[in-house]
Every structure is written in C-alpha cells, then in structure tokens.
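Reviewing the structure listed below.
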Amino acid sequence: MANNKITSRDVDFAKWYTDVVRAASLADYSSVKGCIVIEPNGYAIWEKMQSILDKEFKKLGHVNVQMPLLIPESMLNKEKELVNGFAPEVAWVTIGGQKELDDKLCIRPTSETLFCDYYKDHVSSYKDLPKLYNQWCNVLRWEKETRPFLRSREFLWQEGHTIHSSKEEAMNETNQMMEVYYKFFHDYLAIPSIKGKKTEKEKFSGAEYTLTNEALMYNGVALQAATSHYFGQKFAEAYDVKFTNKNNELEYVYQTSWGCTTRMIGGLIMVHSDDYGLVLPPKIAPKQVVIVPIGDSEEVKTLSNSFKEQLLEKDIITYIDDSDKSPGFKFAEAEVNGIPVRIEIGERDLAKGTITIARRDTREKIEVSKDVDIVTYVSELLDTIQKDMYERAEKRRDELTFEAHTLDDMKKILETQPGFIHAMWCGDKECEEKIKEIKGCKSRCILEGAKSIDDKCVCCGKEAKYHVIWGIQY
RNA sequence: CGGGAAGUAGCACAACUUGGCAGUGCGCGUGGUUUGGGACCAUGAGGUUGCAGGUUCAAAUCCUGUCUUCCCGACCA
C-alpha cells in the first residue's frame with residue numbers, strides 16, 4: 000500500500016483533498032501566510048489550462064495585455080459598489096515599512112478600474128470599439144481562511160475586460176464567454192457544470208448581472224468555477240469612458256468582464272480524484288502516458304523507446320520512467336500523479352508476446368499484443384478515459400441533485416447529504432437569507448428557461464418567479 | 001474574526017507528565033545486489049526543538065508572549 004498514505008475520501012474529505020495536493024506535488028505551503036507555492040506538477044496543469052483557453056479567447060478576437068499590479072486609492076474609489084464589495088480584502092502598500100503615500104496604493108484584487116482608466120483615453124469613436132482585452136496575472140485578496148487552490152490570498156487567473164458600442168453586443172459577449180467556460184469544463188476538464196445567472200445577492204459587486212458555471216464536487220459541495228459579468232454602463236460612468244456613436248452623439252461604453260482561476264485545479268481534484276491520488280482527464284494531463292520498463296533487456300529497451308517515439312510523434316505526451324526505483328514504486332507514483340495511461344513492458348509478458356496497459360481512472364490492467372498499433376490503441380483509450388470520466392462525474396452530480404418543495408425538504412436533504420437542490424423562489428432577499436440559515440445554503444444560480452417544478456416559493460409559499468439551484472459552496 | 005488542535009532533520013513522529021548527551025522510521029548521499037504493486041545489505045550526511053523573553057547550575061521539557069499551519073463556523077473566487 001501507499002507509502003505516502005492518503006486519507007480516505009469517504010473518511011475525511013478535507014484531509015483527503017490536501018493529502019492529494021501534497022502527494023501529487025501540486026502545491027506546498029509557503030512561509031508567506033495564506034500563499035502557496037505552485038509546484039511543477041501543479042503549474043503544468045495551469046499552463047495546459049492557459050494554453051487551451053488562450054487559444055479559444057484569441058479565436059474570438061481577444062488580445063492579451065498586462066496592467067499594473069498597483070491601484071491608487073483615488074482610482075479605486077470611483078466605483079462605489081466595487082469598493083464596498085472588496086474593501087475588507089484589499090491589501091495596502093506601505094513604503095519602507097511604515098510610510099503611507101498621499102495617494103495610497105493597493106495591490107489589485109481585480110483590475111476593472113485599471114482597464115477603465117486605460118480605456119477612457121483610448122476610445123473616442125465607435126470605430127475604436129469593441130476592445131477585447133484579456134490579462135493573465137496574479138491578484139491579491141486578504142482571505143481569512145485559505146486552502147491550496149480553493150482559496151489563497153494570492154492566486155493566478157485570467158481576467159477578460161471588454162468594452163462595446165452597444166448593449167446587445169456586450170450582453171452577447173457576456174453570454175459567449177460563459178459558453179466558452181462551459182465548453183472548457185465539459186470538453187477538457189470532464190466536469191459537468193451548470194450554467195445560470197447569479198441572484199442580486201450573489202452577483203459580482205458592481206455588475207448588472209453575473210453569469211456563472213457551477214460545478215458539484217464529489218462530496219456534494221458546490222464550486223463556483225468561472226463567471227462572466229455584464230456591467231452595462233456603470234463603470235463607464237464612474238470612469239468616464241465615452242465614445243462618439245454613429246449618430247454623432249457622446250455615449251458611455253458597454254462593458255463586460257469574465258474570469259477563471261487556479262481554483263479550477265482544486266475543482267479537478269475534488270471531482271475526479273480518488274484514494275490512490277490524483278486522477279486527471281487525458282486532455283488536461285500534462286503527461287498522458289508513462290512507460291515503465293521492467294528489467295533491462297535489449298528487447299524491453301527497444302520496445303519502450305519505439306513506443307515513446309511513435310506516441311510523441313502523434314502529440315501524445317509520453318515519457319519513460321527509467322529511474323532505478325522498483326516497478327511497484329513506479330506504478331504507485333504514476334498513479335498518485337494521475338498519469339492517465341501506463342504501459343508496462345517486461346520480459347515476462349514479452350515471452351508471451353504481450354505488454355500490459357493500465358488505465359488510471361479505473362485502475363484496470365489490460366494485456367495486449369506487443370505488436371499492437373500503439374498509437375491507435377492509446378489514443379482510443381485516452382478518448383475512452385476522457386469520456387468515461389465525464390460520465391462518472393455526471394452520474395455523481397445527478398445522484399447528488401435533489402428537489403425541494405418546502406424548507407423542511409431542504410433541511411432534510413442538507414442534513415444527510417449536501418448537493419444541488421432544485422427549488423422555486425419568489426425573488427425576495429429575505430427568503431434567500433432564511434434559506435442560508437440552513438447550513439449556509441446559498442443560491443448557486445437561477446436556471447433560465449428551466450421548467451417549473453412548483454408554482455410557489457420554497458420558503459414563503461408566495462408565487463414563485465425563479466427556478467433556482469441551491470447548495471453549500473466552497 | 002470566533003471555537004478546537006498542532007509546531008522537534010526534507011516528511012511522519014518519539015522524548016515533555018517527573019528539566020540532565022535530541023532519537024526512531026521514511027526520504028537523501030556513496031558502494032553493491034536487485035527489478036511484474038511503494039526492494040535489500042553496508043555505510044554516511046543531515047538539528048538555533050517555530051520565534052522572543054523568563055525561571056533554573058541546567059530548558060525540546062516549566063512560565064509568558066508571539067508567529068504559523070490544520071480542522072469546524074461566520075465572510076469571500
């Protein structure tokens with residue numbers, strides 16, 4: 000059994016999560032309070048996420064920029080809702096330890112203000128629009144309780160900030176980017192997310208509305224995975240970002256922002272991994288195939304190298320573990336690191352004319368002929384694993400999806416097993432707050448166009464306006 | 001920010017109650033034998049016991065303060 004003992008997922012989910020992060024060397028705690036070191040294995044996942052998303056963003060016309068790390072207080076204060084929303088988490092800079100500047104500087108918790116400040120001098124006509132900018136960067140929010148990837152004070156993300164000449168165009172952008180995230184979760188992370196709109200209470204400070212992708216973790220706790228905001232002209236008014244429209248009138252721009260963070264790595268872990276360590280969907284795995292040669296005969300070496308070359312040629316990321324560890328150690332290590340496919344090549348099998356292929360997700364071992372067309376076999380297996388992982392995640396989510404018609408229903412569900420709870424809502428904030436008293440259960444999102452499961456509010460019994468998914472969140 | 005727990009070698013821990021040479025296992029270096037689910041023998045290196053102060057002839061051990069981490073709540077991506 001494992002040397003690096005991982006706490007069982009069903010015994011203590013929180014401990015299991017941090018055990019997996021440590022065992023797979025994704026991240027470690029640093030001496031800087033609330034900040035983590037993202038280690039090579041973890042950063043490689045982030046790089047893969049970046050490269051996939053960046054390509055998608057660029058396909059849709061977005062370009063990357065880099066804004067300053069610091070925001071002057073005078074600039075930040077222009078948009079009141081944003082300031083109020085972030086005030087407790089903003090970190091301020093002092094010089095030489097003690098001295099405060101006349102116009103204090105904070106470290107960006109998000110960069111709406113910086114983009115607006117830039118845009119106001121770079122837009123004058125409708126011909127300058129839209130501006131479709133994105134930045135990959137770090138931000139800082141002074142969180143009280145931190146957990147690797149899920150919540151740290153400094154974290155990496157991507158923030159898109161676009162401005163448009165019409166409301167419709169900006170709203171389409173907001174919707175389009177939520178779809179980009181949805182597809183990314185579905186196609187690459189093998190996570191079945193649910194799309195919807197945040198309630199007034201849960202939306203981003205300063206936004207007119209927020210669209211969200213909500214994912215459900217293995218333990219039934221929800222994770223807000225990526226959001227897309229429509230700002231209307233709110234920020235444009237606060238920061239005076241105007242343009243001359245086709246009718247030769249001055250008008251404020253229509254704005255959006257959208258982002259996703261390294262938290263997605265935490266989501267990947269909590270949806271797919273097991274008691275043996277990390278399990279990664281092949282399409283996001285930085286290493287897809289490991290070849291473990293057993294013994295050091297010429298035939299073993301030759302076949303290992305040949306397989307590696309063939310697979311690499313087809314862009315299947317493959318490496319040979321030729322360290323002097325024992326085979327058992329290599330198997331266990333590949334498993335804890337979540338390498339989707341392992342090929343074991345040893346003399347015992349070769350004598351029978353076979354090799355062994357193991358898949359990480361099911362831990363199943365398959366004996367195949369050594370003359371197999373390895374590229375076809377492995378690429379099909381990777382596709383199967385990707386598909387099966389999605390289906391398992393979807394099945395788990397459906398098992399943990401419930402319906403509630405009364406507050407009592409909700410209580411009963413949450414007391415036994417948290418999950419996504421479908422329930423109708425009248426739209427009153429008081430009801431939302433009352434529901435929150437049940438184990439901190441919050442609205443995850445409003446399902447648009449979903450069919451009604453009831454005609455009255457789960458809380459007050461008055462006429463229901465929205466079909467909402469509720470849940471306990473990270 | 002409240003409630004709980006813990007900080008001793010890279011990691012997991014022992015020694016603390018009753019003050020007296022800082023230890024064990026894993027990992028790491030070297031040499032060798034091995035190789036189908038976390039190999040074995042030999043040998044070696046590795047420490048300001050989180051930090052600061054106090055008590056004492058003497059502190060990992062007792063006292064005070066402080067910092068950090070983890071878990072559970074409240075707040076948030």
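Heads up: the first sequence runs through residues 0 to 473, numbered per numbering that gives the first Met the number 0. Just so you know, even glycine gets a beta-carbon here, dropped at the ideal spot from N, CA and C.
query: Who are the near neighbours of residue 203 in its chain, counting only those whose CB is closer than 7 Å to its CB and skipping five residues on each side?; result: 209, 226 and 228
query: So, using beta-carbon positions, are residue 331 and residue 275 closer together than 9 Å?; result: yes
query: What span of residues does the beta strand (DSSP E) with residue 442 cover, start to end?; result: 441-446
query: When DSSP labels each residue in this structure, what does residue 462 get in the three-state scheme?; result: strand
query: Taking residue 340 and residue 288 to be in contact with their CB atoms under 8 Å, please state how far apart those CB atoms are, rounded to whole angstroms.; result: 5 Å
query: Determine, using beta-carbon pairs with one atom in the segment 182-194 and one in the segment 253-273, whether at least three such pairs fall under 8 Å.; result: yes
query: Just the Cα atoms here: how many angstroms apart are residue 282 and residue 450?; result: 34 Å
query: What residues in its chain sit with their C-beta under 6 Å from that of residue 241, if we drop five residues either side in the sequence?; result: 249 and 251
query: According to DSSP, is residue 6 helix, strand or coil?; result: coil
query: Whole angstroms are fine: how far does the CA of residue 364 sit from the CA of residue 233?; result: 58 Å
query: Taking contact to mean at least 3 C-beta pairs separated by less than 8 Å, is the segment 364-379 in contact with the segment 399-413?; result: no
query: Under 6 Å Cβ to Cβ from residue 41, same chain only, skipping five residues before and after it: list those, please.; result: 25 and 26
query: Hey, which unbroken runs of the beta strand (DSSP E) at 3 residues or more fall wholly within the segment 374-425?; result: 400-402 and 419-424
query: Is residue 49 near residue 135, with beta carbons less than 9 Å apart?; result: yes
query: Could you check where the beta strand (DSSP E) with residue 371 kicks off and where it finishes?; result: It is not in any beta strand (DSSP E) - residue 371 carries neither H nor E in the DSSP assignment.
query: At what residue ranges does the segment 161-239 contain a whole run of the beta strand (DSSP E), taking only runs of 3 or more?; result: 193-196, 208-215 and 221-231
query: Have a look at residue 409 and residue 422 and give me their C-alpha separation to the nearest angstrom.; result: 9 Å
query: Where does residue 45 land, buried or exposed, given buried means 16+ other C-beta within 10 angstroms?; result: buried
query: Here's the rule I'm using: 16 or more other beta-carbon atoms within 10 Å means buried, otherwise exposed. How should residue 10 be labelled?; result: exposed
query: What residue range is occupied by the uninterrupted beta strand (DSSP E) comprising residue 477?; result: Here the chain comprises residues numbered 0 to 473, so residue 477 is not present and cannot be evaluated.
query: According to the neighbour-count rule (16 or more other Cβ atoms, all chains shown, within 10 Å of its Cβ), is residue 457 buried or exposed?; result: buried
query: Which two residues bound the contiguous alpha helix (DSSP H) that contains residue 18?; result: 12-22
query: Mind reading off the beta-carbon distance from residue 112 to residue 78? Whole number of angstroms is fine, and I expect it under 8 Å.; result: 7 Å
query: Shortest alpha-carbon distance to residue 133 belongs to which of 149, 157 and 397?; result: 157
query: Compute the distance between the beta-carbons of residue 471 and residue 417, then report whether it is under 9 Å.; result: yes
query: By Cβ distance, which residues of its chain are closer than 8 Å to residue 267, with the 5 residues on each side in sequence left out?; result: 44, 188, 190, 279, 280 and 283
query: Assign residue 53 to one of three DSSP states: helix, strand, or coil.; result: helix
query: Which first and last residues belong to the alpha helix (DSSP H) in which residue 334 is found?; result: 326-335
query: Report the residue from 411, 343, 247 and 235 whose alpha carbon sits nearest the alpha carbon of residue 253.; result: 235
query: Could you give the DSSP three-state label for residue 359: helix, strand or coil?; result: coil
query: Please confirm whether residue 338 and residue 359 have their CB atoms less than 9 Å apart.; result: yes
query: Would you mind giving the Cβ-Cβ distance between residue 344 and residue 292, rounded to the nearest angstrom? I have them listed as a contact below 8 Å.; result: 5 Å
query: Mind pulling the alpha helix (DSSP H) runs of 4 or more residues that sit fully within the segment 240-283?; result: 262-271
query: Give, in chain order, every unbroken run of the alpha helix (DSSP H) that is at least 4 residues long and sits entirely within the segment 100-146.; result: 111-118
query: Going by C-alpha to C-alpha distance, which of 441, 119 and 454 sits closest to residue 237?; result: 119
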